[in-house]
Each structure stands twice: as structure tokens, then as C-alpha cells.
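From first to last, the protein sequence lines stand for chains A and B. Start counting at 1 in the first sequence, then tack on 1114, and there's your number in the numbering used here. Start counting at 1 in the second sequence, then tack on 698, and there's your number in the numbering used here. As C-alpha cells, the structure follows; a few thoughts come after it.
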Amino acid sequence: MDGVIGFFADLGPNFQLLLDRSPQIIEGVRVTVLATVLGALLALLIAFVFGIAQLSKAAVVRWVARIFVEFFRGTSLVVQLFWLFFVLPQLPYPLGFRLDPLLVAVLALGLNYGAYAAEVVRGSINSVPKGQYEALSALSISPARGMVRVIIPQAWALMIPSLSNLWIQLLKGSAIVGSITLYDLFFQVEQVRDRTGTWFAYLFALLAYFLIAWVIVVIMNALEVRAKHSIGRGPALREAWRSLFRPPGGKTAEGGLA
Amino acid sequence: MPENTPHLEFRDVTKSFGGNTVLNDLNFTVGTGERVTLIGPSGSGKTTILRLVMTLEELTGGYIDLGGNPLQYEERGGRRMRVPDRQRRRTTQQVGMVFQHFNLFPNMTVMENIVEAPIHVMGLKKAEAEAKAEALLDKVGMAWKKDARPSQLSGGQQQRVAIARALAMDPEVLLLDEVTSALDPEQVGEVLAVLQDIAAETDISMLIVTHEMQFARDVSDRVMMFDQGSIVEEGEPDKIFSDPSHQRTQDFLRAVL
């Protein structure tokens, strides 16, 4: 039975089925979380490298970074995934090699979302007040050291809300990795669907992704509170832990805009 | 008394932003240990002069020499050559600047703000830099706040820390860019008092832009009146403030005093 009536009629057996399949479901969650976390770490690395490279004094470096960002931002994640998984192994030696599906997923997610995040990093660095750059210059601190010690710590606080959004998008974007034989959460839900009906299966999928996204929100809120506190805005994390559970984009603990 | 050797020399300096000429063929020198105050209406190019010395702005034409060394451009074989960034940074190491908006680093404590450059630019040992910072903080009356963040300080306190931070680099030239303009009135006095002490106790050359005429009168050896990118008149503070010879100066002083 399917449809909304079937959903309620079969609620008991469906939960039983879910319980029976819990080892596979948990394995799916593990794969999704792994791809999401590793993909995000790669994306962060790429974002910093290419975000900062776009601010380089050398025009060549700026252009290479620009082309990279535009390419990976402008091409579809699914196509990138399929390229890495299906086309790459067919390329002539020495280019052709077959990669592990998880590695392909992490690479594609990292490259795609890293390109978006590079723009966030670049924008945040540009948003640090000009006076900070001038103070660095007045103290003869080299641009590289100033970037690490003064500019990035301030830009970091500015970029977290946007990075938080991107990370959640990356999580949801990861639901297509089943098509390259990586058995993630969504793939495992698909496996129970023909027995539980679409209502039950996809409602479960909604909830499961929402819960993972919520964990991401809490982690990023904590990072944001900490980063803001470190530049003298807002309370310390231990005083403001309640604000971690607010939705992104809400008000901060002291009432200012996040 | 200030010596007569030029410490800072502007030769034929021109600065334009787009098509707008802010400084026009400017020539002047600041002697070693001399305190020179620039006064004049807003937009007359005073702050631009300080920013050129700090190399925060690029010269459009002419030359600035600091202690005999070219700062931004030099003349070689009859051609005007740009001084490379690294060499510019080395030369400007002798120059300290205090800004209107303090520009302390908000992610560092007061102590960290002060020791960052002495440790990583001058190569001082951490303990050495901290001892020196402590002494400077003591001088500006901020030692009790050395572990505070800039955001926990009032404007006047932040500016006093910024002064200590500039002095920690042992500058030979100190640029003061409207250092009290962003402060609440009751905090102006504490900052000016600190600067007056420093002026009295050291022989650092100073180039000052301020709207505090009494302060200018107290610390300056020479006052230069600017208007529209040129020097209208210059002289000892008593002369300029009591008996200005130029009509433009008289009008300006009547408006601000």
C-alpha cells in the first residue's frame, strides 16, 4: 500500500523494517558524514588557497585562481562526479586512473564547494577594515605575516555564516554519490523504499538529513561565537552556549545581528 | 633644540587622485628632532602628506627622502625609478604612525598588539619586547590593561595603546594623524597629555595633523598652514597663531579658535 493512508496503516511494520535495516542505514549515515566532513575540509583548504590567491599582487596567480574558481563553480557537481569516476579511468596513460568512490566524492564535493567558498574567503578578506592593513603597513609587518596574524583571524569571523550555508549545501549535494557506487544515506533509503512506500522512506530521509544539518549548524555557530569573541565582539563560548541552537542568520546573544 | 639637518625632505611632490590634484609641487623639509604641525581646512592635503610618508599612498610626482634615503621613488640616471616594496618597508621602519581611528588589532590583547612588530619585524626576543612594552604602557598609563582586548577599552585608552605600539618600534619620525578627532571630548586631554610628555622626553621628529590648536602651539617648533594643496605660510607657532600674515590663515584661525 502506498500514499498517505498506507503511510499510517503500515507505520508499525515500517519501523520494524527500518530497525531490521539499521546496520545498513547507519553505514549509510557513516558514508554521508564521512563524505560531508572530508569534502568540507578539502573545500576549506581550496577556499583559502584560491581565495587568497585571487588577492595576489601577481596577475598570473590571480588569473589562474580566477579560472579555477569559475570552472569548478560553473560546471555541475554531477558532471564533475561522473568525469572523475567514469571518464578519468578511460584517459590514456599516464592520466587515466581509477579512484576509490569515496575519494572521487570527496574530490568532487571539495572542488565544487571549495570554488564557491573561495569567493566567500576573498569577500571576507576584502571586508576587513582598511585601517587594519594600514596599521600593518605602518608597523612594517610583511603582507604575508599580516595576513596570517591579523587579517585572516578577523575575516574568519565574517566568513563563518556563509561557510555554514555552504557546508549544509554540501551535505545535501552529497546525496548523489550513490550514482558512483558509494552507498550513502540516500542510497540506503532507496533500498527500503519499495517495501516501505515513498512516504515513509522519504520522510525518514528528510528527517535524517535535517538532523545532520542541525549538527553542522551547531558546530558552525560554536565556531562563530568563538571567532567573534576572539576579535572582541560578543561573549565567550561558555557564556553563550544557548545561542548555538539558534537557526543561522538569527540574532546573537547580545542582540546584535549575527 | 632641533638641528638643521633635514630628516624628511619633500621635493616637487605632487599627488592626485584620479584627475583631482591634492598636493601641487610641494617642497619642504623637517629637521631632525623637529616637530612640525600642519593646519588648514579639511581637504587641504594635510593627511595625504602623512600617508605619503607612511607609503600608504603612492606619489604621483616628485620625491620624498627620509634620512637621506629615497622613500618611494629615486632619481637614477635622470630617470624616476620606483623603490621596491621590500626596501620601502625597510625605510619606513623608522617611521611610526598613530591613526585617527587607532587601528589596533582586535584579535590581540594590548600586550600582543605592542610586541607583534618588535618581535617579528625588529627581531627582539619575546621577554625583551614585553619588558619594553611594559615600560611604554606605563608611560601612557595603560599598563593595568595589558591583558585587555581593544574592544574593552575606551577610545582614549585605545589611542594611548596605539601610541605605545608606534613607539615600540623606536621610530625616528612619528606621524600623528588627527589622533584626537575620533575621541569623545573628555578623552582628548588624556591623549594629548601623553603626547606632550613624549614630545618633552624624546627627540623624535614629528609631523602632526591636528585640529587642537593649543596642542599644536605647545608642542610644535613650526606650524605650516595649508590650503588647496600648497603651503600658505609657515613659521613658529607663536607667530602663526598670534600674528598670522596671510589673510587665509587669519580666516582659518578665526573659524577654529
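We treat Cβ as the ideally placed atom computed from N, Cα and C, and that holds for glycine.
Here DSSP, grouped into helix, strand and coil, assigns A:K1286 to helix.
If you ignore the 5 residues before and after A:L1337, its C-beta comes within less than 8 Å of the C-beta of I1274, all in its own chain and listed in chain order. Straight-line measurement puts the Cα of A:D1298 at about 14 Å from the Cα of A:L1223. By the Cβ-count criterion, B:A953 is exposed, with fewer than 16 other Cβ atoms from all chains shown falling within 10 Å of its own Cβ. Those residues of the region 1254–1274 of chain A placed with their C-beta closer than 8 Å to a C-beta in chain B are S1254, I1255, S1256, R1259, R1263, V1264, P1267, Q1268, ordered along the chain. Listed in chain order, the non-local C-beta contacts of A:P1267 below 8 Å within the same chain comprise A1341, S1344, I1345, local neighbours out to five positions each way being set aside.
At least one CB atom of chain B sits nearer than 8 Å to the CB of A:E1248. A Cβ of chain B is located within less than 8 Å of the beta carbon of A:G1346. Close partners of B:H799 in chain A (Cβ separation under 9 Å): P1243, G1245.
Within the same chain, Cβ atoms closer than 6 Å to the Cβ of B:E888 are found at G854, the five residues on either side in sequence being excluded. For A:S1278, no Cβ of chain B is located within less than 8 Å of the residue's own Cβ. In this model, B:R786 and B:E772 are separated by some 11 Å (Cα to Cα).
Listed in chain order, the positions of the region 785–798 of chain B with a beta carbon within less than 8 Å of a beta carbon of chain A are R787, R788, T790, Q791, V793, G794, M795, F797.
Per the coordinates, the alpha-carbon of B:Q792 lies some 54 Å from the alpha-carbon of A:G1287. Any Cβ of chain A closer than 8 Å to the Cβ of B:Q850 would place that residue at the interface, and such an atom is present. Taken atom to atom, the span from the alpha-carbon of A:F1186 to that of A:L1198 is near 13 Å. B:N805 belongs to the set of residues whose beta carbon lies under 8 Å from a beta carbon in chain A. Close to A:S1170, with beta-carbon spacing below 8 Å, lies no residue of chain B; the smallest spacing is near 13 Å.
Judged by their CB atoms, B:G743 and B:G933 are not nearer to each other than the 8 Å cut-off. Minimum Cα-Cα distance from B:L881 among the listed residues B:A825, B:L724, B:E910, B:Q945 corresponds to B:E910. Beta-bridge partners assigned by DSSP to B:F715: B:N718.
In this structure B:T746 is buried. Its beta-carbon is surrounded by 16 or more other beta-carbon atoms within 10 angstroms.
Leaving aside the five residues that flank B:A825 on each side, none in its chain has a CB nearer than 6 Å to its CB.
The beta carbon of B:M779 sits no closer than 8 Å to any beta carbon of chain A. Between B:L873 and B:M795, the beta carbon gap of about 4 Å places them in contact (Cβ cut-off 8 Å). When beta bridges are read from the DSSP output, B:D925 appears opposite B:S928.
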